[in-house]
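For reference, the structure discussed in these notes is given below.
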Amino acid sequence: MEFISILDDVKKLVAAIQKGDLKPIYFLMGEEAYYIDKISDYIEDNVLDETEKGFNQMVLYGRDVTIDDIVSNAKRYPMMAERQVVIVKEAQDLSRTIEQLAQYAANSQPSTVLVINYKYKKIDKRKALYKAINKHGGIVFESKKMYENQVADWIRRVLAGQNYNISPKAAQMLVEFLGTNLSKIDNELNKLKIVLPEGTQITPDHIEQNIGISKDFNNFELRKAVGERNVLKAHQIAKYFAENPKDNPIVVSVALLFGFFSQLLHLHGMSDRNPRSVASALKVNPYFVNEYLDAARNYPMKKVSYIIGLLRETDVKSKGVGANAIPQGDLLKELLVKILG
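See below:
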């Protein structure tokens, strides 16, 4: 999986820095800011000792400087130290002129470690800057956005590296509540690690008690209740959502149900219902495969197609098209009556 490759790349990069194998340029780019910040912060905190940082470490911001300013600082010689570190944060603000850095990349100062944080964008690999960094010993690291179906596994892998475990349901609760924002998820995991000792298996109860996500009334449980055709539970969750609309916007519920029924449509088209094959094809944790198989039995293909149409219609209404006067809680209740009826 791609996210595993990124994790391994980050570990190798950090391990090389720990050994003193420093590159003249670290160009950190891509849609996922989490790893860009992690690598940049590691270099900022660890390459120089505290006595060296005062004269030899500089943090610049893209909105305040030009490429000439960056090059001028990078070409300085360190004072009473082997090297200096120049970090440019929010370098995406220099996207129109960033290619001008190619000349420096081709002839960089050996005693400077230049770190460019180029978030939410990436440079063209066909152009001079990318080629110059690669050719002359620098590193271009691309931090790609993670798909939602990859995040629960990312949580599990990160926690495993810190001597914690997490149940599949607890991980899915975090994803459902926080989406794919790895920085937000990492902040919440750090809160859990403060109160829970190493070796703990993090459960839905831990998530509810320490993060405030209800373990019984959330979109994950709504999806499960709908899949089981558990009418009472589904409507209890809808009632809770209607009473807490800010924390449970209908657009999120509709999007999750749309993804769920789209996966069921895919499942109906599969001849191989082996759990491992289903998990791979639907890109879901094997732990949840039986929920999909049960739901497929509860909803024939024709019904699934009908529900997908309902979800599209509700999505439009939830955004105010033709349903301005209908409270979102009522829209969800109406949707569930049609799905479960």
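Under the UniProt record's numbering, the first residue of the sequence shown carries the number 1, and numbering increases by one thereafter. Beta carbons: idealized from backbone N, C-alpha and C, even for Gly.
Between the Cα of residue i and those of the options, spot the shortest distance and give me the residue it belongs to.
i, options, result
"Asn-181", "Leu-196, Ile-207, Lys-215, Lys-145", "Lys-145"
"Asn-187", "Pro-204, Pro-168, Val-158, Lys-215", "Val-158"
"Gln-328", "Asn-210, Asp-45, Pro-249, Gly-309", "Pro-249"
"Asp-8", "Ser-143, Lys-283, Glu-198", "Ser-143"
"Ile-185", "Ala-152, Asp-294, Gly-161", "Ala-152"
"Ile-133", "Asn-149, Leu-114, Tyr-147", "Leu-114"
"Asn-210", "Glu-32, Phe-220, Ser-72, Asn-190", "Asn-190"
"Gln-103", "Leu-94, Arg-96, Asp-68", "Asp-68"
"Ile-123", "Lys-246, Phe-55, Leu-174, Glu-31", "Glu-31"
"Phe-217", "Met-173, Gln-201, Gly-199", "Met-173"
"Asn-107", "Ile-25, Leu-13, Ser-280, Glu-208", "Ile-25"
"residue 418", "Glu-176, Ala-242, Pro-245", "Since the first residue of the chain shown is 1 and the last is 341, residue 418 is not available in this structure."
"Ala-238", "Val-337, Lys-38, Gly-54, Tyr-35", "Val-337"
"Thr-97", "Ile-307, Val-14, Tyr-118", "Tyr-118"
"Gly-54", "Tyr-147, Arg-223, Met-270, Met-79", "Met-79"
"Leu-257", "Ala-279, Asp-93, His-206, Leu-335", "Leu-335"
"residue 342", "Val-86, Gln-100, Lys-127", "Only positions 1 to 341 of the chain appear in the structure, and residue 342 is not among them; the question remains open."
"Asn-244", "Ile-155, Phe-27, Asp-330, Ala-281", "Asp-330"
"Thr-66", "Glu-44, Ala-74, Leu-94, Ile-307", "Leu-94"
"Lys-121", "Ala-171, Gln-92, Val-10", "Gln-92"
"Ile-70", "Glu-99, Glu-221, Ala-225", "Glu-99"
"Arg-223", "Lys-169, Lys-246, Leu-22, Ser-271", "Lys-169"
"Lys-38", "Ser-183, Asn-149, Phe-241, Val-284", "Ser-183"
"Lys-125", "Val-284, His-206, Phe-27, Leu-22", "Phe-27"
"Val-201", "Glu-221, Ile-155, Phe-241, Ala-242", "A small fix is needed here, since residue 201 is Gln in this sequence, not Val. Nearest C-alpha to Gln-201: Ile-155."
Where DSSP assigns a beta bridge to residue i, which residues make up the other side?
i, result
"Gln-57", "Val-85"
"Asn-165", "Gln-201"
"Ile-39", "The partner list for Ile-39 (beta bridge, DSSP) is empty, contrary to what the question assumes."
"Glu-142", "Met-29"
Please classify residue i as buried or exposed, where buried requires at least 16 other C-beta atoms within 10 Å of its C-beta.
i, result
"Gly-20", "exposed"
"Gln-84", "buried"
"Ser-277", "exposed"
"Gly-341", "exposed"
"Thr-112", "buried"
"Pro-300", "exposed"
"Ile-194", "exposed"
"Gln-18", "exposed"
"Lys-317", "buried"
"Gly-179", "exposed"
"Gly-138", "buried"
"Asn-46", "exposed"
"Glu-50", "exposed"
"Gly-199", "exposed"
"Ile-326", "exposed"
"Val-304", "buried"
"Pro-204", "buried"
"His-321", "The sequence given here has Val at residue 321, not His. Looking at its Cβ environment, which holds fewer than 16 other Cβ atoms inside 10 Å, Val-321 is exposed."
"Asn-274", "exposed"
"Val-59", "exposed"
"Leu-13", "buried"
"Tyr-35", "buried"
"Met-29", "buried"
"Glu-82", "exposed"
"Gln-57", "buried"
"Ser-280", "exposed"
Between which two residues does the alpha helix (DSSP H) harbouring residue i extend?
i, result
"Gly-30", "Per DSSP, Gly-30 belongs to no alpha helix (DSSP H); it is in the beta strand (DSSP E), 25-30."
"Leu-114", "Careful: Leu-114 lies outside any alpha helix (DSSP H), inside the beta strand (DSSP E) at 112-119."
"residue 392", "Nothing about residue 392 can be read from this structure; the chain reaches only from 1 to 341."
"His-266", "250-268"
"Gln-241", "First, the residue type needs correcting, since residue 241 is Phe and not Gln in the sequence shown. Its alpha helix (DSSP H) spans residues 231-243."
"Asp-124", "No alpha helix (DSSP H) contains Asp-124, which DSSP labels as neither H nor E."
"Tyr-292", "289-298"
"Lys-193", "182-195"
"Ile-326", "No alpha helix (DSSP H) contains Ile-326, which DSSP labels as neither H nor E."
"Gln-109", "No alpha helix (DSSP H) holds Gln-109; DSSP gives it neither H nor E."
"Ile-155", "148-160"
"Glu-228", "Run containing Glu-228: none; DSSP gives neither H nor E here."
"Leu-311", "301-318"
"Ile-213", "Element bounds for Ile-213: n/a, residue is neither H nor E."
"Ser-277", "275-282"
"Ser-271", "Unbroken run through Ser-271: none, as it is neither H nor E."
"residue 366", "The question about residue 366 has no answer here: the residues shown for the chain are numbered 1 through 341."
Which stretch, first to last residue, makes up the beta strand (DSSP E) that contains residue i?
i, result
"Glu-90", "Careful: Glu-90 lies outside any beta strand (DSSP E) and carries neither H nor E."
Check your understanding: Using 8 angstroms as the threshold, is the segment 227-240 in touch with the segment 307-326, meaning 3 or more CB pairs across them?
Key -> No contact exists between the segment 227-240 and the segment 307-326.
Check your understanding: Should the segment 121-133 be called in touch with the segment 161-179, which here means at least 3 C-beta pairs below 8 angstroms?
Key -> Here the segment 121-133 does not lie against the segment 161-179, with fewer than 3 beta-carbon pairs under 8 angstroms apart.
Check your understanding: Between the segment 257-266 and the segment 291-301, are three or more C-beta pairs nearer than 8 angstroms?
Key -> Touching, yes.
Check your understanding: Do the segment 246-260 and the segment 278-290 meet, that is, are 3 or more Cβ pairs less than 8 angstroms apart?
Key -> Short answer: they don't touch.
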